[in-house]
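Residue numbers (the numbering used here): 3 to 447.
Think of the CB as a built atom: it goes at the ideal place given N, C-alpha and C, for glycine as much as any other residue.
Here's what the structure looks like:
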């Protein structure tokens, strides 16, 4: 059985469901008996940062052959969204990588030739960028009427459609930041939910387009919007505001929880925290004995949800004290035994040790620089197939340039000519650090 070699997994064996070849042979294409639903679908991806790469990763996880196109300066620190860090490795698994200098006409022609045989083009460049480079929807459709051309933009059609946008701005403009924080203290979510949400909605659009193409024989253009994604997430809150005529309380505000007995995070005696949810009378009646608070059941003011919400001061301090007298595992075990919704507060490191996370199928094992990265798998299970790891992310931009072009019918002479011209690049090495330009001035007090 293969042993993982990094601090994350060096203390346990890689599950046997993962082929040794996936762990030991970087980038090895595997022949699988597992029929993935998008096998045979070809994707040409020109994306960066989160939204576009996330859509490509989902397609790759489901079996599509995703070819990620990167620029020659992909490893420059100034290239936001291209640097090889944690997000990159998560968002670019199950992809092959090529480098094209799309400022050169020869590279544009390569892109167009690859698109002729593609099913999907996926991009999230700035508004108008793809058209200016000569690889917009109309240019691709002229060569391949079956193409499904999916773009992720900041805004859909409207007054703001030419504006750039990023995740945090979308959260703020939509009201999502307001609803996430406390009153007067808006917060962004702890993950790029607008970026990743827009990717998921684009995938829905792509699947619908593939189905329509089966009927009509032609492709279409699809655009997903970050702002509109965040606005969709706000649907329950905006509906409530219209019905009540009032602005809803943020989710972090106690007023937003006044229909639940407990819906809160509690510090525990071992320094950790747990979230406990009590939403009805039956749960309350099980919760109190499990936490040694049986006396609260005798209080007539606390026998209904309405009564408890009107008398939080009578029981909330008791719950806080009971949690401080116990450790997180003690509380989680006791409340799970009582069928009460409870969970520990994890962080990005501690969650990787959770037994459920480590169970079969929760993670893909991605090899990075000789180590193994635990990468959360698609959160679905089916009776027909299992999402599996097929390719490691391209650590070196252009890792697969020659292979991809050869498969597309480019001759060896054409490939060498493109490499010589700089239109195509193969396994780009990191740039050396900049030379020192003098001492950094001392900070002023």
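Item, Value
"Reduced DSSP category for residue 383 - H, G, I as helix; E, B as strand; rest coil", "coil"
"Residue 105 burial status per 10 Å Cβ neighbour count (16 or more: buried)", "exposed"
"Length of the line joining the Cα atoms of residue 112 and residue 170", "35 Å"
"Three-pair Cβ contact test at 8 Å for the stretch 160-176 versus the stretch 133-142", "no"
"Nearest to residue 327 (by Cα), restricted to the options 222, 379, 294 and 146", "294"
"From 110, 222, 322 and 245, residue whose alpha carbon lies closest to that of residue 271", "322"
"Cα-Cα separation between residue 450 and residue 177, rounded to whole angstroms", "Residue 450 lies beyond the stretch modelled for the chain, which goes from 3 to 447, so this question has no answer here."
"8 Å Cβ cutoff, residue 254 in contact with chain B", "You won't find chain B in this structure, because it holds only one protein chain."
"Closest by C-alpha distance to residue 534, when choosing among 408, 227, 354 and 400", "Nothing in the structure corresponds to residue 534, since the chain is present only between 3 and 447."
"Stretch-stretch touch, CB-based, cutoff 8 Å, three pairs: the stretch 239-253 with the stretch 210-228", "no"
"Whole-number beta carbon distance between residue 164 and residue 129, since they are thought to touch under 8 Å", "5 Å"
"Spatial distance of residue 25 from residue 166 (CA atoms)", "Unreliable placement is indicated for residue 25, whose pLDDT of 36 sits below 50; the coordinate value is still reported in the next sentence. C-alpha separation (whole angstroms): 39 Å."
"Reference residue 266, options 347, 250 and 396, closest by Cα", "347"
"Own chain residues within Cβ distance below 6 Å of residue 360, not counting five before or after", "none"
"Local Cβ density within 10 Å of residue 187, reported as buried at 16 or more and exposed below that", "exposed"
"Residue 38 versus residue 211: straight-line alpha-carbon distance, rounded", "19 Å"
"Cut-off 8 Å between Cβ atoms - residues of its own chain near residue 220, not counting five sequence neighbours on either side", "147 and 148"
"Cβ-based neighbour list, residue 182, same chain, cut-off 6 Å, excluding 5 preceding and 5 following", "189 and 191"
"Proximity of residue 304 and residue 316 at Cβ, strictly below 8 Å", "yes"
"Three-way DSSP call (helix, strand, coil) for residue 316 in this model", "helix"
"Cut-off 6 Å between Cβ atoms - residues of its own chain near residue 427, not counting five sequence neighbours on either side", "74, 101 and 400"
"Beta-ladder partner(s) of residue 98, from DSSP", "69"
"Cα-Cα separation, residue 254 to residue 416", "59 Å"
"Under 8 Å between C-beta atoms of residue 158 and residue 230", "yes"
"Chain-order list of residues whose beta-carbon lies under 8 Å from that of residue 345 (same chain, five-residue window excluded)", "276, 277 and 334"
"Rounded straight-line distance, which links the Cα of residue 331 to that of residue 311", "28 Å"
"Close Cβ partners of residue 423 (< 8 Å) along its chain, the five nearest in sequence each way excluded", "106 and 108"
"Buried or exposed by the 16-neighbour rule on C-beta atoms within 10 Å, applied to residue 87", "exposed"
"CA nearest to the CA of residue 365, picked from 269, 381, 58 and 239", "381"
"Through-space distance from residue 284 to residue 27, alpha-carbon basis", "Because the pLDDT at residue 27 is just 36, under 50, the model does not fix this residue reliably, and the point stays unresolved."
"Under the three-state DSSP convention, the category residue 370 falls into", "strand"
"DSSP three-state assignment for residue 129, whether helix, strand or coil", "coil"
"Beta bridge counterpart(s) of residue 184 as assigned by DSSP", "187"
"Alpha-carbon spacing of residue 397 relative to residue 313, whole angstroms", "58 Å"
"Among 239, 226, 238 and 251, the one whose alpha carbon lies nearest that of residue 184", "251"
"Alpha carbon of residue 123 to alpha carbon of residue 46, nearest angstrom", "5 Å"
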